[in-house]
Every structure is written in C-alpha cells, then in structure tokens.
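Read the structure below first, then the notes.
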Amino acid sequence: MRRSTSTTVALFTAALTLAACGGGDDGGGGSGGGGGEAAEATSLADFGSMEELIEAAQAEGELNVIALPPDWANYGEIISAFEETYDIQVNSASPDISSQEELSAVEQQRGQDRAPDVLDLATAFARQGQAQDLLAPYQVQTWDEIPEGQKDPEGYWVNDYGGYMSIGCNDTIVGECPETLADLLDPQYAGQVALNGNPTQAGAAFGGVWAAALANGGSLDDIGPGIDFFVDLKDAGNFNPVESTPATIESGETPIVLDWDYLNASYQEGLAEIGTTWTVVVPSDGLFGGYYSQAISAFAPHPAAARLWQEFLYSDEGQNLWLAGGARPVRLPSMQEAGTADPEALAALPTVEGEAEFPTQEQEVAAKEVLTARWNEEMSG
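Under mature numbering (1 follows the signal peptide of the UniProt record, and there is no 0), the letters of the sequence shown match residues -19 to -1, 1 to 362, in that order.
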C-alpha cells in the first residue's frame, strides 16, 4: 500500500534538525524566464521571477502527481489549494502505490505525457532514485530554512513532512488496545496486527519494522531484531498479512495497524462518524521518527509546473497544510520562530514520550539490504 508530547514540539523539531515530457526522453519542457529551459532550472533564478515561473507552469496547464491519497497527510486539500491558486489541473495517478512503484513508473512511463512530474518518496527510496539518475535537482526559495540533514545538498530530494511510528487500534473491536510494541505479542491480538504495505517497498512498513528493532535490542545499525519480532508475531498467529488501507480499517479487517502517527490519527474522525473508536498511541519502547521526501522527475512532462509545485509545498501555506494533516513539516522550526506556523494545528499534534532516532543514509541502505534479503522469505507461508 501507500509507501503502500511530553517531549515538546521544540524537542521534536530539534531532533529533526539533527537528523536527517515535454514529450521527449530528455524531459524538455517549456522555457523559463531568461531563456533557460524549465527542465534544466535548478532554482527560481533560472526563471527570473515567481511570476515568470507561474506563467511557464500555466502555459503547460497540468501537473502529474502519483501515490498521493487524498487522506494521506492532507494531500486532498493540498492538491485543491494548488489547483485553485494557480489554475493548473492536477492529474493524480495510482494513489495507493509504494515508493518503489513510484520509481518504476518514472522508468516505465519515460517520454509519455502521463508520466509523473513529481514524487513523494520515503527518503531511502529518494536516495535510490537519485542514484538511478531518475531525479532532477531544484532548490526552492525557502531552501535556507530547510535543515542541512533534511535535504540533498544539490536539491535532488528534500524532506517535506514527518512523524512517528504509532499503533492505531479499533477499540470497538479489540476492546483492550496495545500501548507498546511488546504488547502486540499478546495472544488476545490473534490475526489482528497489520502493516501499511510490504517493508521492502513501502516506507511506512519499513519504519514499522525498524521501530520493532529498536524495541527489541536492535538499533539504527541493526534492523534484524525487527524482522525477528515480526517472524515471532507471525508464528504466534498475531500478524495479519493484509496490507492496511482506509477501507480495511473501516471494515475492521485490520483492527490494529502499525503506521505513521499522522496517518493513524487521520482515521479517527471518519471512524467516529460510523460509531467506531480508533485510538492512536506512539509506543515508548520503539520510538522511531521518519520523513518523506519530495523530488522532481528528471523526465517530467510538465517541468515548470513540477517546480511550481515544489515552491508551493515549501511555502508557509503548503507547510501549514501538512501541519493541518497532523504531520510535522520540515520548515516547522523556522516557522515557529517566525510565528507563521498554524497554532491550532501545532497544538493538535500527538503526545510523544522520549526522543526519536533518525537513520543516516548508510544505515538506511544497510537496513534495506537486510530487509530485501530476509523479509519475503521469512514472512512467507
């Protein structure tokens, strides 16, 4: 599926700061200001001004996005706001696919008008896309307010919004909801514990396994205990192989879901309307935080619109729209300092005990290799 606070917000954001076609194969598109090609633009300066970027994007008239469910981190409202603001049609394809499938779409649809212009990827997959020469560098106007650990130095990918791994639970079905990862092994949760995707392909599930590793003697250098935990969960009969979606959560098919806190929290209001109580806790025994990253396809059929989309997302308006969706936008520390963060949305963020750990690029690569080698074989059957 889609990528399928006792500790104060200030502490969280401080921790984050320390962390982490125009039809042709060449991705050519409309011209930016100053005579530069939009597909080659690496900053607003290559267009001349914001007005000229908007003009170039409106001449293209469309933007192709992929893997953006409307209920994921408030993307429905974000897309509508972009369309309204700039009078550009957003074509949203395959909302429920994984980060790996996004990269595959860039390769498979290269040179086609329907190919994705922009990507929203788990950071490990953003780095993979850069290594495969699938991404184009671009630095938005607010570049200097994005912490160094949260962006590629040249702008091939930039972290955008983040959160903590959490346990979502259908209290109406389960009765006594788990509060820690260790609780998930309790026999009362037989067949109930699900992930949001396959961790070898989906960032949310990847984070779930890493959180389990931290809760069971592992570390950012050793994800193995997390895999062992899920093997034990399967052997105990508690693991539910159904990959969670809003539909499986609403139906009760996946009554306990390990997922990002902003996604689990997003289900509460809708489920309450049908008489279901959905509780969300951030487990203290496996506290794991992570970001997703934005990137522009190197073969974007609408290269000016792609760059305008990035400018919008990293503006105060775009960042506050993610905040309204329960996610922590990457510019939150500077926005809090400037007083531009939405205070109500900020106050609504879930409570978290402790300080999250964030993996380095090398740790992500190593963990991904271990998962690829072990997960499908050990969890099958």
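Think of the CB as a built atom: it goes at the ideal place given N, C-alpha and C, for glycine as much as any other residue. None of these values were measured; they are calculated from a predicted model.
DSSP three-state call for Arg91: helix, strand or coil? Residue state for Arg91 is assigned as coil, using DSSP reduced to three classes.
Can you tell which of Leu201, Thr260 and Leu214 has the C-alpha that lies nearest to the C-alpha of Ile230? Thr260
Which value, in whole angstroms, describes the spacing of the CA atoms of Gly198 and Ala96? 43 Å
Whole-angstrom distance between Ala287 and Phe293, CA atom to CA atom: 10 Å
If contacts are defined as beta-carbon pairs under 8 Å, then Ala337 and Gly270 qualify, I think. What distance do you get, rounded to the angstrom? 3 Å
Asp242 and Ser147 - do their beta-carbons sit closer together than 8 Å? yes
Buried or exposed by the 16-neighbour rule on C-beta atoms within 10 Å, applied to Thr332: exposed
Quick one: using the 10 Å Cβ neighbour count with 16 as the cut-off for buried, is Ile204 buried or exposed? buried
What number of angstroms, rounded off, separates the C-alpha of Asn177 from the C-alpha of Ser278? 25 Å
Would you call the stretch 122 to 140 in contact with the stretch 221 to 238, where contact means no fewer than 3 C-beta pairs closer than 8 Å? no
Three-state class that DSSP yields for Ser79 in the structure shown: coil
Please classify Trp259: does DSSP put it in a helix, a strand, or coil? strand
Look at Ala276 and Val99 and say whether their C-beta atoms are less than 8 Å apart. Their beta carbons are under 8 Å apart, which means Ala276 touches Val99 by this criterion.
Sequence-distant residues of the same chain with beta carbon closer than 6 Å to Leu304, five excluded per side: Around Leu304: Pro310, Asp323 and Ala326.
Other residues of its chain near Gly256: CB distance less than 8 Å, five sequence neighbours each side excluded: Thr153
Opening and closing residue of the alpha helix (DSSP H) in which Asp141 lies: Element bounds for Asp141: not the alpha helix (DSSP H) but the beta strand (DSSP E), Val139 to Asn151.
Indicate the three-state DSSP secondary structure (helix, strand or coil) for residue 386 in the structure shown. The structure shown does not extend to residue 386, since the chain is modelled only from -19 to 362, so the question has no answer here.
Please report the distance separating the alpha-carbon of Glu318 from that of Glu126. Straight-line measurement puts the Cα of Glu126 at about 11 Å from the Cα of Glu318.
Does any residue of chain E bring its CB to less than 8 Å from the CB of Ser232? The structure shown contains no chain E; it holds only a single protein chain.
Assigned secondary structure, Gln342 (DSSP; H/G/I helix, E/B strand, else coil): helix
Asp141 to Tyr273 span [Cα, whole Å]: 6 Å
Using 10 angstroms around the beta-carbon of Ser171, count the other beta-carbons present and answer buried if the total reaches 16, otherwise exposed. For the record, residue 171 in the displayed sequence is Ala; it is not Ser. Burial call: exposed.
Arg355 vs Ile237 beta-carbon contact at 8 Å: no
Counting along the chain, where does the beta strand (DSSP E) carrying Val311 start and finish? Run containing Val311: none; DSSP gives neither H nor E here.
What residue range is occupied by the uninterrupted alpha helix (DSSP H) comprising Trp191? Gly184 to Ala196
Whole-number beta carbon distance between Ser30 and Gln182, since they are thought to touch under 8 Å: So it is not a contact: roughly 40 Å between Cβ atoms.
If I measure Cβ to Cβ from Phe220 and keep anything under 7 Å in the same chain, skipping five residues before and after, which residues do I get? Val174, Phe211 and Leu214
Quick one: is Glu82 buried, meaning 16 or more other Cβ sit within 10 Å of its Cβ, or exposed? Residue burial annotation: Glu82 is buried, with at least 16 other C-beta atoms found within 10 angstroms of its C-beta.
Relative to the C-alpha of Val87, which candidate in Val71, Gln109 and Tyr67 has its C-alpha closest? Among Val71, Gln109 and Tyr67, the Cα nearest to that of Val87 belongs to Gln109.
Got a sec? Which residues, its chain only, sit under 7 Å from Ala193 by beta carbon, not counting five neighbours each side? Leu162, Gly207, Phe210, Phe211 and Gly267
Enclosing beta strand (DSSP E) for Glu234 [first to last residue]: Element bounds for Glu234: n/a, residue is neither H nor E.
Going by C-alpha to C-alpha distance, which of Phe63, Leu102, Glu64 and Thr66 sits closest to Pro76? With respect to the C-alpha of Pro76, the residue from Phe63, Leu102, Glu64 and Thr66 having the closest C-alpha is Leu102.
For Asn245 and Gly149, which I take to be in contact (beta-carbon distance under 8 Å), what is that distance rounded to the nearest angstrom? About 3 Å; that satisfies the 8 Å criterion.
Reference Ser296, options Gly188, Ala196 and Thr66, closest by Cα: Thr66
Excluding the 5 residues flanking Ala196 on each side, which residues of the same chain have their C-beta closer than 6 Å to its C-beta? Leu162, Asp266 and Gly267
Pull up the distance between the alpha-carbon of Gly4 and that of Glu21, whole angstroms please. Confidence at Gly4 is low in this model, with a pLDDT of 34, below 50, so the placement of that residue should be treated as unreliable; the coordinate-derived value is given next. Approximately 15 Å, taken between the alpha carbons.
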